[in-house]
Amino acid sequence: MCPLSKRHRDHPGISERFELFIAESEIINAYTELNDPFEQRERFNEQLKIKEDKGDNEIQLIDEIFCTSLEYGLPPTAGLGLGIDRLTMILTNSISIKEVCSL
């Protein structure tokens, strides 16, 4: 379960999200934002347990400022992230991301 995405309203075991893959590369990651502060804290705590149990260093600490902000209210929100570098790789037929990223 994506920690920042809303649970699917008809299928609570999955998130309201999708990813677009082209040529085996993830180009877009999109989801409906979780706007419930209590569920968000619970998800962050679940992630911390995974971090402790499995030593997953990619899992971040609980963002209390974010959770407190959610308590003030967040309207229904969704968005997507587009990997411009990966899309450029496909459009230019590049093999490595280093070929399209400037330093």
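Just so we're aligned: 16 in full-length UniProt numbering is position 16 of the sequence shown, and the numbers increase by one with no gaps anywhere.
Just so you know, even glycine gets a beta-carbon here, dropped at the ideal spot from N, CA and C.
Asked	Found
CB-CB length for Arg43 against Pro76, believed under 8 angstroms	Wrong, their Cβ atoms sit about 18 angstroms apart, outside the cutoff.
Secondary structure, beta strand (DSSP E): runs of 3+ residues fully inside the region 6-38	17-22, 25-32
Identified DSSP bridge partners for Gly83	BP columns for Gly83 are empty, so no partner.
Presumed contact (8 angstroms Cβ cut-off) between Glu46 and Thr32, rounded CB distance	With a Cβ gap of about 19 angstroms, Glu46 and Thr32 do not count as contacting.
Alpha-carbon to alpha-carbon, Glu52 and Asn35	26 angstroms
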